[in-house]
Amino acid sequence: MSRPRYAIEPSAAHHRARDVPTGCRVARHDGAVPSTAAANAAPARRVERWSWVVGLALGAVALGPALGSGSLLNLDLITSPEVPVPAGAWGLGPELPRRVPLYLPLAWASSVVGGDLVIKALMLATVSLALVGVVRLLDGVPAPARIGAGALYACSPYLLTRLEVGHLTIALAAALLPWALPTLLDPGRCGSRTLRWAAAMGLAGAQGGVLVLVVVTIGLASRRGRRAGVAAIACTIGQLPWVVPGLVVWRQGASLADAGAFPSTVEGPLDVVGLLAGHGFWQPALQLGWSSDAIVAALAVLVGAIAAAGWSSLPSRWRAPLAAMAVVGLAVTVASTVPVLRDPWRHLTATAGGAAVREGHRLLPLALLPLHLAAGHGAAAAARRWRGVAGDLAGMLPAALALVLAAPALWGLGGALEPVRWPEEWRAARSVVERDAGPVVVLPWHLYLDVSWADGRRLLNPVPLAFGGDVITSSDPELGAAVAERSDPREALVADLVERSASGSSIAGDLAELGVRWVVLMHEVDWEDHRTLLLDPGLETIVDGPTLTLLEVRGWPGAAVGADGTTVGHHPLHAALASLEAGGPVTVHRAGGWGWRRGTTPATTSATGSLSVKAGSGPLWYPPAVAVLLGYGVTIATIGATLTHNKRRSRVARRNGR
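Letter by letter, the sequence shown follows residues 1127 to 1784 of this note's numbering.
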């Protein structure tokens, strides 16, 4: 049965039918932005159903061989047979919870169907969601123009580049934005719907939260602050699943490189125009699309011209908010590059609040979405004006431009996503570390490095995501000034040992003192500087292969040791909870930091960067994890309560014949 459609601007009769806001009572709200032209509802619904097929097909063409068997490895895109649960999901560091909360359900799903399949399904769904979201916003526009505008957005070089480099939360936030837009631009109208869309966008973490903040602010301004309190409460509750763990880990002392390390690629007028085509990623070598600035600018001008022709066809009350979105998106994108704005922007993004937008290019969808919506209307207007074959061709202009813009990226996203197999020694080493858990040190000491068995691609160090658990690695992105982007107090101590190892000194005893059990030596980059580790009598080779060697520290004292150096009973029950044998002071070999307690007694950080627990009894636990769980619970419970309330009101309204 076809479901009814409700335009975002209800008719006057609809307004008269209710004395209180009943948008919350509309259980099935499509949130379409109506066109100025009348449209037959049945064809619109057929196009909507077919748009899912088109979206999935377009995603399959873009990903191509990436959907085959094997793992995807490219920059920050690291897939493995099992997605580890992010430590940040419980408010634990040392890494800032960039993948929270999205990767929590992905990790659970990967235990059933495999991590590679889960991530590939997410990438395919992202393209399809983006296309269908735009199609739904253009309800009433002829099908070719709707599909074309959706393709422009879903296959923009912006979105495909983010998928290529593994910025899946950024891509998902952009894909969800068209769906959430009607609600977020009128956030006070229905608090329950605003809550749900804020929570949906919040799945993408800080990126989704920033987009919500900007769009809701614009929406409230355009509505003169109507029911701003309701909107603020709804948005706050919806964002708790990423805000609470983020604040907790930030409290541990994590830091981030400022915007100076991530300037958008805007070096001249052509690059500025190219932003309208979805270009400008801060690493030009990884930007998908045409390499010629002139070609990109020409295509952007064509998209802009079609959008300009259709701008007046957008609903009048939405033109100003959409224009404001576009201005903000472009302004933030270029802020890290324009000389007048560059320094103030760097200072802003060095703060806790500004860190979420240190890479201004992330906000470009705020400009692309209004542009592509207007382009759909522009193509429809041209089709009506010219009619016949010329009109048909005009209606398909957005689709043609989408394919031309994306052409170099189609089928494997520019060849960057050829699946690979993890070498057998990696699988064996992971199995050993999973069976006998303990802190792991990763060498070479680089956050990013070129990996030979992954076709020489530059990758985020793959060991933490491949192995999971307690991994000590460099968190300096090596983009200028030295920055530690993790709150692990052991990192600086291990960095000193790495330098000693490169000079030929034995470091096995020092590793044991730090509580390190395993050393993973990848055979990449400058790994031969650490060949002396293979001869160190304090280290035993457990797994050895062409691409990796796993060494065990012979003198590892155990997961927890007392003041006299003897092993103390310690049994992890959860990432944030462990049983600990009662008695005197204990050093627990995991990253030290604020928040841990033994019973009710606070723990401190030892000289070796581990947890120092005072004498006493009771479990070793992490109370901030309770606050994180409460954040999840409040969001989920509030959404459930509002849905139940709305259903109850709908039943009452039906009984009363309204």
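Note that CB positions come from ideal geometry on N, CA and C, so glycine has one too.
Task: Closest by C-alpha distance to residue 1653, when choosing among 1450, 1434 and 1568 - done: That would be 1568, whose Cα lies nearest to the Cα of residue 1653.
Open item on the list: Is any non-hydrogen atom of the ligand GDP found closer than 7 Å to the C-beta of residue 1295, if you look at the structure I gave you?
Closed with: Among the components of this structure there are no ligands whatsoever, and the ligand GDP is therefore not found.
- [ ] Sort out for me which residues DSSP pairs residue 1597 with in a bridge.
- [x] DSSP lists 1566 as the beta-bridge partner residues of residue 1597.
Open item on the list: At the level of alpha carbons, what is the spacing between residue 1660 and residue 1692?
Closed with: Rounded to whole angstroms, the separation of the alpha carbons of residue 1692 and residue 1660 is 28 Å.
TODO: Take residue 1425 and list the residues in its own chain whose beta-carbon comes closer than 7 Å to its own, dropping the five residues that flank it on each side.
DONE: Within the same chain, 1403, 1527, 1530 and 1531 come within 7 Å of residue 1425 by CB-CB distance, once the 5 residues on both sides are set aside.
Task: Helix, strand or coil at residue 1197 [DSSP, three-state] - done: The answer is strand: DSSP assigns residue 1197 an E or B state.
Open item on the list: Counting C-beta neighbours from all protein chains within 10 Å, is the total for residue 1782 16 or more, i.e. buried, or is it exposed?
Closed with: It counts as exposed.
Task: Own chain, CB closer than 8 Å to residue 1348, minus 5 neighbours either side, in chain order - done: Answer for residue 1348: 1311, 1443, 1446, 1447 and 1450, listed in chain order.
TODO: Within the same chain, show all residues whose beta-carbon is closer than 7 Å to that of residue 1293, passing over the 5 residues directly before and after it, in chain order.
DONE: Around residue 1293: 1202.
TODO: In angstroms with no decimal places, state the Cα-to-Cα distance between residue 1422 and residue 1400.
DONE: So the alpha carbons of these two residues sit roughly 6 Å apart.
Open item on the list: What ranges does the beta strand (DSSP E) occupy inside the stretch 1679-1744, keeping only unbroken runs of at least 3 residues that lie completely in it?
Closed with: With a minimum length of 3 residues, the continuous beta strand (DSSP E) runs that stay inside the stretch 1679-1744 are 1686-1688, 1696-1700, 1703-1706, 1712-1717 and 1736-1739.
Open item on the list: Given a cut-off of 8 Å on the beta-carbon distance, is the pair residue 1332 and residue 1386 in contact?
Closed with: Here residue 1332 is not near residue 1386, since their CB atoms are 8 Å or more apart.
TODO: Would you kindly check if the distance between the Cβ of residue 1643 and the Cβ of residue 1669 is under 8 Å?
DONE: Against a cut-off of 8 Å, the Cβ pair of residue 1643 and residue 1669 comes out as no contact.
Open item on the list: With DSSP as the reference, identify every bridge partner of residue 1546, one or two as the case may be.
Closed with: 1197, per the DSSP bridge assignment.
Open item on the list: Rounding to the nearest angstrom, what Cα-Cα distance links residue 1230 and residue 1214 in this structure?
Closed with: Answer to the nearest angstrom: the Cα atoms are 9 Å apart.
Open item on the list: Quick check: what's the CA-CA separation for residue 1485 versus residue 1288?
Closed with: C-alpha of residue 1485 to C-alpha of residue 1288: approximately 13 Å in a straight line.
- [ ] Would you tell me roughly how many angstroms separate the C-alpha atoms of residue 1414 and residue 1665, rounded to the nearest one?
- [x] Roughly 45 Å separates the two Cα atoms.
Task: Residue range of the beta strand (DSSP E) that includes residue 1477 - done: Where residue 1477 is concerned, there is no enclosing beta strand (DSSP E), given that its DSSP letter is neither H nor E.
TODO: Hey, could you find the ends of the beta strand (DSSP E) residue 1617 is sitting in?
DONE: Element bounds for residue 1617: not the beta strand (DSSP E) but the alpha helix (DSSP H), 1616-1628.
Open item on the list: If contacts are defined as beta-carbon pairs under 8 Å, then residue 1616 and residue 1734 qualify, I think. What distance do you get, rounded to the angstrom?
Closed with: 7 Å between Cβ atoms; contact.
Open item on the list: Let me check understanding here. Comparing Cα to Cα, which of 1613, 1304, 1416 and 1494 lies closest to residue 1220?
Closed with: Ranking the options by Cα distance to residue 1220, first place goes to 1613.
Open item on the list: Assuming the contact rule is C-beta atoms closer than 8 Å, residue 1480 and residue 1436 should be a hit. Round their C-beta distance to whole Å, please.
Closed with: Between residue 1436 and residue 1480 the Cβ distance is about 35 Å, and since that is not below 8 Å, they are no contact.
TODO: Would you check if there are 3 or more beta carbon pairs closer than 8 Å linking the stretch 1273-1289 to the stretch 1472-1479?
DONE: The stretch 1273-1289 and the stretch 1472-1479 do not touch, with fewer than 3 CB-CB distances between them shorter than 8 Å.
Task: Stretch pair the stretch 1756-1766 + the stretch 1712-1729: three plus CB contacts closer than 8 Å - done: Contact check between the stretch 1756-1766 and the stretch 1712-1729: fewer than three CB pairs, one atom from each, fall below 8 Å, which does not count as touching.
TODO: From the DSSP output, read off the bridge partner residues of residue 1176.
DONE: Its beta-bridge partners do not exist; DSSP assigns none.
Open item on the list: Tell me the residue span of the alpha helix (DSSP H) that contains residue 1290.
Closed with: From DSSP, the alpha helix (DSSP H) with residue 1290 extends over 1283-1290.
Open item on the list: Looking at residue 1601: is its Cβ nearer than 8 Å to the Cβ of residue 1573?
Closed with: With contacts defined as CB atoms closer than 8 Å, residue 1601 and residue 1573 qualify as a contacting pair.
- [ ] Count the other CB atoms, across all protein chains shown, that sit within 10 Å of the CB of residue 1718; report buried if there are 16 or more and exposed otherwise.
- [x] By the 10 Å Cβ count, residue 1718 comes out buried.
Open item on the list: Beta-carbon within less than 7 Å of residue 1494's beta-carbon, same chain only, minus the 5 sequence neighbours each way: which residues are those?
Closed with: 1279, 1282, 1284 and 1404.
- [ ] Could you check if residue 1411 is buried or exposed, using at least 16 other CB atoms within 10 Å of its CB as the buried criterion?
- [x] Exposed.
TODO: Return helix, strand or coil for residue 1773, following the three-state DSSP convention.
DONE: Assignment of residue 1773 by DSSP, reduced to helix, strand and coil, places it in the helix class.
Task: 7 Å CB neighbourhood of residue 1656 in its chain, flanking five on each side removed - done: For residue 1656, where only same-chain residues beyond five positions count, the Cβ hits under 7 Å are 1569, 1627, 1628 and 1647.
TODO: Determine, using beta carbons only, whether residue 1637 and residue 1551 come nearer to each other than 8 Å.
DONE: A distance of 8 Å or more separates the beta carbons of residue 1637 and residue 1551.
TODO: In the DSSP assignment, find the unbroken alpha helix (DSSP H) run with residue 1644 in it and report its ends.
DONE: DSSP places residue 1644 outside any alpha helix (DSSP H); the residue lies instead in the beta strand (DSSP E), whose first and last residues are 1644-1648.
Open item on the list: On the DSSP bridge list, what partners appear for residue 1577?
Closed with: The partner list for residue 1577 (beta bridge, DSSP) reads 1583.
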